[in-house]
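Comments concern the structure below.
In the numbering used here, the protein residues as written are 1 to 361.
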């Protein structure tokens with residue numbers, strides 16, 4: 001924090017996508033600077049280029065800094081971590097834009113580890129282009145899991161009305177059945193349960209678990225994963241103190257509004273969870289990586305090359321990602337303080353409890 005204000009690091013993402021547009025539109029809201037100190041990792045040149053493409057954006061106060069530790073309150077701080085000759089081609093996936101996205105992310109993560117920023121919001125990237133340029137991960141989540149040694153992290157898509165996590169993330173659909181295990185489901189349920197309590201302040205959360213096959217396998221007619229893997233995982237999680245229920249058939253679960261009876265839903269694979277989530281919460285959806293020792297959120301949309309440079313992108317998801325990062329950061333402080341006070345009280349009660357040991361006369 002700087003002067004009591006949370007410092008939010010924001011990566012530029014793919015510079016040829018809509019990242020800068022949604023960042024600029026979000027930060028143009030003057031109320032934002034009252035809540036936190038923004039630090040963009042990217043290029044003042046690209047920031048200026050995209051700002052010129054936008055209408056109805058008043059003068060923005062920017063500040064160039066070498067590091068977030070030098071960030072200035074009431075300003076949009078920019079860490080110029082890209083070359084001065086960086087080139088922009090809106091709407092195109094290029095090697096240069098991929099390399100710039102990688103550099104922006106790496107610099108921001110280094111500063112997050114150093115404590116110069118309090119939380120991280122990542123703008124969309126082109127995963128294929130970055131992998132082509134040597135990025136050894138299938139997305140932000142996998143990269144951050146490795147960087148922070150968080151083995152049991154989980155991607156949770158969040159909105160006010162819906163929270164959806166996934167057991168398997170960015171893997172081919174053909175590999176999903178083999179990646180669904182009882183241990184894996186239980187681990188994700190523990191990660192989701194802990195996040196709902198610490199990050200969102202939900203006491204004793206209820207979690208719905210979806211099946212894998214159509215109609216939950218129809219008693220084994222359409223698959224055995226529900227009977228052999230998913231149900232045993234749910235029952236085991238219940239014994240371990242988690243309010244998990246299911247498995248539920250995915251096709252009717254969201255359409256009938258069953259999700260509203262639960263605090264969160266655990267899907268078996270990426271599209272099973274993200275398709276209904278984006279259908280119900282796309283404009284305000286946030287991608288949150290739970291289980292990390294740091295806070296990271298992202299808008300739930302992609303680079304949207306077809307909109308880049310055309311002043312068409314809606315910044316609401318970026319705003320939601322920023323707000324949620326701040327809320328989760330504050331929630332963790334409150335939760336950890338509560339747990340610390342509880343331990344102190346329990347220790348005090350234990351010390352004051354009469355001893356059963358025989359007294360020596």
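By construction, the Cβ of each residue, glycine as well, lies at the ideal position given by its N, Cα and C atoms.
Between residue i and the rest of its own chain, which residues show a CB-CB distance below 7 angstroms, the 5 nearest in sequence each way excluded?
i	result
residue 184	167
residue 233	182, 185, 186
residue 111	9, 67, 68, 117
residue 130	98, 101, 102
Buried or exposed for residue i, going by 16 or more other Cβ atoms inside 10 Å?
i	result
residue 205	buried
residue 238	exposed
residue 30	exposed
residue 25	buried
residue 1	exposed
residue 334	exposed
residue 361	Residue placement at residue 361 cannot be trusted, given a pLDDT of 44 that sits under 50; what the coordinates show is reported in the next sentence. Flag for residue 361 reads exposed.
residue 255	exposed
residue 160	exposed
residue 80	buried
residue 344	exposed
residue 226	buried
residue 4	exposed
Give the DSSP-derived three-state secondary structure of residue i in the structure shown.
i	result
residue 80	strand
residue 149	coil
residue 45	helix
residue 61	coil
residue 288	strand
residue 75	coil
residue 18	coil
residue 206	strand
residue 120	strand
residue 234	helix
residue 296	strand
residue 7	strand
residue 192	helix
residue 243	strand
residue 385	For residue 385 there is no data in the structure shown, the boundaries of the chain being 1 and 361.
residue 40	strand
residue 248	strand
residue 344	helix
residue 23	helix
residue 171	coil
Please list, in chain order, all residues of the same chain as residue i whose beta carbon is under 8 angstroms from its beta carbon, the five residues on each side excluded.
i	result
residue 169	138, 139, 141, 142, 155, 270
residue 363	This structure leaves residue 363 out entirely; the chain is present only between 1 and 361.
residue 329	6, 118, 119, 295
residue 339	none
residue 236	182, 186
Take residue i as the anchor and find which of the options has the nearest alpha-carbon.
i	options	result
residue 75	40, 82, 109, 84	40
residue 48	225, 64, 33	64
residue 106	10, 4, 225, 240	10
residue 311	90, 145, 14	90
residue 132	82, 96, 123	96
residue 209	189, 136, 251, 255	189
residue 262	245, 219, 158, 288	245
residue 61	83, 28, 126, 223	28
residue 229	126, 308, 178, 195	178
residue 53	81, 34, 33, 20	20
residue 268	292, 136, 291, 216	216
residue 151	115, 292, 318, 342	292
residue 103	122, 298, 114	122
residue 82	98, 72, 288	98
residue 290	101, 172, 200, 309	200
residue 45	212, 85, 319, 323	85
residue 55	43, 22, 33, 34	22
residue 275	251, 258, 71	251
residue 18	51, 149, 353	51
Given residue i, which residues of its chain have a CB within under 6 angstroms of its CB, disregarding the five upstream and five downstream residues?
i	result
residue 316	283, 284
residue 147	109
residue 242	189, 193
residue 126	14, 93, 303
residue 214	222
residue 422	As shown, the chain starts at 1 and ends at 361. That puts residue 422 outside it, with no answer to give.
Ends of the alpha helix (DSSP H) at residue i?
i	result
residue 35	30-35
residue 164	No alpha helix (DSSP H) contains residue 164, which is instead part of the beta strand (DSSP E) from 163-166.
residue 98	95-114
residue 132	127-132
residue 273	270-281
residue 177	176-179
Got a sec, what are the start and stop residues for the beta strand (DSSP E) residue i sits in?
i	result
residue 264	264-267
residue 312	Unbroken run through residue 312: none, as it is neither H nor E.
residue 155	154-158
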